[in-house]
């Protein structure tokens, strides 16, 4: 299995509902450094999984609506805890749609899976991996 | 598959038995930077795999008996080489027990696996991944 | 010149005033990974600048009032832009006071300077260095 | 599953053929930081997957013919795009041969797979994982 | 003293003249990860050294003519060894000119110095620091 | 001011004397990742501070007597606490002697200073900088 992975980041505010979260129930924020990995069984005729430049653009496009936002105020996230784990799947699902819609410069059917890793600090991160 | 991963470290002394180890047969030491990843198919009702704070505590608890120790002098490790690989499984097994005993804030049966990665320097690391 | 440096982090929300900041004028957030370095011309009788454990505690104490907070809502920061640069000096000044009050386990007069570095992402950081 | 992973690097020149690559069609270069991970279901009688020193040597040996080279001028790579992905498999295949030939200090049949990760910058990397 | 530092990278080919360089006399290449730090005694009225977004743009503009190039073929570098150290000063000098020409969003006279650090691998880097 | 910096590491055991050190009074160990920076006002005729390969060798030579050792058992360190800070100066002094003896491939008189940084974990490091 081959993979290419690219990195970008967003800076967001949010709060969590649930005693579990302790002080993180208050409005706070995070820099999320995001690694998006695209997996494929084979390389294409150019010798790549997908073009790294294209991968960077695809990730940037998915992140733009989140960057410099208070996630609590976005209708899209009403009633959900925008935890690091939740956001890994949110980003995955948007990238998977790009893949299925053949917007990554390679037929989505030739990609096996996408893994999204979010580092929220130097001591904690989360990831989500699933098929296209 | 979702995962959350937390980081901590210990500073230990030990030595190895076996010609394979060359100069590392002498008493020496290491800083082990440990990443413990908890994997699950689904998020719980709070939107997490397990709480990151709880994960940090669980890892800290497992590491405490090792920190600032000479592993050669611990009866628990008598007769074994406490290699980086060996210790990844040692830490995994303790964390898996915490999971099975439902001490991670989520039923252990809802977790799929635990992966423990130990970085012993900027150029070498080891990991162990297995079910709960 | 000797230095010891320790690392911790906070997760905060804030917004900026001024056209310069573009989209960062909106409420957003950041994980600030903070390195606090203590500088001294000589080591003490134990062979340290200051004890690393004590340095970690001193930094943690300064960071606690900031962690999981919306800085916009803290009276202490009313009317100021809590930029990364601003916060490096804020943390420096609190650590310098700890040093002057001899709360670091070594007379503050034996320390030369403190440097505080804040990494706000994998591509941007700021620092402030000044005497005690 | 256990793994040990070691790191080394090469500094090479090359160019790519294909409009997909845009400015990277010109002769340029890269520092490739390479992580080679060896996976095994069990530890050997010494308590290791394979010796970390031996792993470093094996990787160094595979990288030596590439280091400080213009890959475009190597007959071995005539007519292929030496993309980061392509090189992960190239290095994997050489390491797998070392394993099959029992040159890693442990019978290759006791190893399950090898994963080679190449970081080409602080924001992009690729990997390839396959059996021996 | 305050500083803000931003990161970007280029991927170049080049060769060196001089026996000192051994195998690096051959055409090879490098990923240079570049950190550009801007130093100032005081913050401006917005609370920044210079805007981080503007700093990123200024660095990107200086790097663009180098990216995906064979430095040996650039008239600007004829007859010089484009070592990592040499390039730190090259980038510094261009950024310093931007500062003097007041193209960084703050009068250059209010900046004290610029430090450019180039990491060429995980085990080697160089930097150059000088006034505006 | 120019600088080149190279990285290597050692894995040692030791213990500390003094209540200040708490649990670190027991025999334990550390991986010390060491960065040695060589500073100079000017580049030499090759365009370097000193050759990076030579810098790596010089550092390796200084570290070799420490690697895989119990520092408590080395007569050289009898009666001293081999703290991270202490070792930064120990390594500095050996490198400075190499420079003064013109064993770095450039007259020591053309070097301004040497800075040695030791990272003992992902959250703590120390450095020492002084003239040749």
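Chains as they are written, first to last, in the working numbering: chain A, 1037 to 1168; chain B, 1037 to 1168; chain C, 1037 to 1168; chain D, 1037 to 1168; chain E, 1037 to 1168; chain F, 1037 to 1168. All residues carry an ideal CB built from backbone N, CA and C; glycine is no exception. Bear in mind the structure is a predicted one, so any value in this text is a computation, not a measurement.
{"Check": "Residue 1134 of chain B, enclosing alpha helix (DSSP H) - first and last residue", "Outcome": "1120-1136"}
{"Check": "Contained alpha helix (DSSP H) runs [length at least 4] in the segment 1046-1086 of chain F, N- to C-terminal order", "Outcome": "none"}
{"Check": "Sequence-distant residues of its chain with Cβ nearer than 6 Å to residue 1105 of chain F (five each side left out)", "Outcome": "1048"}
{"Check": "Delimiting residues of the beta strand (DSSP E) encompassing residue 1161 of chain F", "Outcome": "1160-1167"}
{"Check": "Short CB-CB distance (under 9 Å) between residue 1138 of chain D and chain B", "Outcome": "no"}
{"Check": "Residue 1078 of chain F classed as buried or exposed, judged by whether at least 16 other C-beta atoms fall within 10 angstroms", "Outcome": "exposed"}
{"Check": "C-beta neighbour in chain A for residue 1056 of chain C, strict 9 Å", "Outcome": "no"}
{"Check": "Integer-rounded CB distance, given that residue 1154 of chain A should sit under 8 Å from residue 1120 of chain A", "Outcome": "5 Å"}
{"Check": "Cβ-based burial, residue 1169 of chain A [other Cβ within 10 Å; buried from 16]", "Outcome": "Nothing about residue 1169 of chain A can be read from this structure; chain A reaches only from 1037 to 1168."}
{"Check": "Extent of the continuous beta strand (DSSP E) run through residue 1112 of chain A", "Outcome": "Residue 1112 of chain A -> no beta strand (DSSP E), and no H or E assigned at all."}
{"Check": "Any C-beta of chain A under 9 Å from that of residue 1164 of chain D", "Outcome": "yes"}
{"Check": "Buried/exposed call for residue 1169 of chain D, threshold 16 Cβ in 10 Å", "Outcome": "Only positions 1037 to 1168 of chain D appear in the structure, and residue 1169 of chain D is not among them; the question remains open."}
{"Check": "Short CB-CB distance (under 9 Å) between residue 1121 of chain F and chain E", "Outcome": "no"}
{"Check": "Residue burial classification, residue 1087 of chain C (beta-carbon count within 10 angstroms, cutoff 16)", "Outcome": "buried"}
{"Check": "Contact list for residue 1037 of chain E against chain C, beta-carbon separation under 8 Å", "Outcome": "1164, 1165, 1166"}
{"Check": "Chain B contact residues for residue 1062 of chain A, given Cβ-Cβ distances below 9 Å", "Outcome": "Those do not exist, as residue 1062 of chain A stays about 14 Å from chain B at its closest Cβ, beyond 9 Å."}
{"Check": "Proximity test, Cβ basis, 9 Å: residue 1084 of chain F and chain C", "Outcome": "no"}
{"Check": "Residues near residue 1103 of chain C by beta carbon distance below 8 Å, same chain, minus five either side", "Outcome": "1046, 1047, 1048"}
{"Check": "Beta-carbon spacing of residue 1160 of chain B, residue 1042 of chain D below 9 Å", "Outcome": "yes"}
{"Check": "Supposed contact pair residue 1069 of chain C and residue 1157 of chain A - C-beta distance, whole angstroms, cut 8 Å", "Outcome": "6 Å"}
{"Check": "C-alpha distance - residue 1022 of chain F paired with residue 1142 of chain F, whole-angstrom precision", "Outcome": "With chain F covering only 1037 through 1168, there is no way to say anything about residue 1022 of chain F."}
{"Check": "Residue 1146 of chain A in three-state terms, based on DSSP", "Outcome": "helix"}
{"Check": "Endpoints, alpha helix (DSSP H) assigned at residue 1105 of chain F", "Outcome": "Segment: none, residue 1105 of chain F is in no alpha helix (DSSP H) and carries neither H nor E."}
{"Check": "Coil, strand or helix - residue 1090 of chain F by DSSP", "Outcome": "helix"}
{"Check": "Within 9 Å, strictly: CB atoms of residue 1150 of chain E and residue 1126 of chain E", "Outcome": "no"}
{"Check": "Secondary structure of residue 1116 of chain F, DSSP reduced to three states", "Outcome": "coil"}
{"Check": "Same chain only: Cβ atoms within 7 Å of residue 1136 of chain E, ignoring 5 sequence neighbours per side", "Outcome": "1144, 1168"}
{"Check": "Option nearest residue 1092 of chain F by Cα separation, candidates F:1113, F:1063, F:1139, F:1061", "Outcome": "F:1139"}
{"Check": "C-alpha distance - residue 1071 of chain A paired with residue 1109 of chain E, whole-angstrom precision", "Outcome": "35 Å"}
{"Check": "Cross-strand partners of residue 1042 of chain C (DSSP beta bridge)", "Outcome": "C:1072, F:1160"}
{"Check": "Inter-residue spacing [alpha-carbon to alpha-carbon] between residue 1080 of chain E and residue 1095 of chain E", "Outcome": "20 Å"}
{"Check": "8 Å Cβ shell around residue 1038 of chain F - same chain, five flanking residues per side excluded", "Outcome": "1075, 1076, 1077, 1078, 1079, 1085"}
{"Check": "Cutoff 6 Å; reference residue 1107 of chain E; Cβ partners in own chain excluding five residues on either side", "Outcome": "1048, 1050, 1113, 1118"}
{"Check": "Within chain E, partners of residue 1059 of chain D - CB distance below 9 Å", "Outcome": "1103, 1104, 1105"}
{"Check": "Pairwise C-alpha distance: residue 1162 of chain B and residue 1131 of chain D", "Outcome": "18 Å"}
{"Check": "Residue-level contact to chain F via CB, residue 1160 of chain E, 9 Å cutoff", "Outcome": "yes"}
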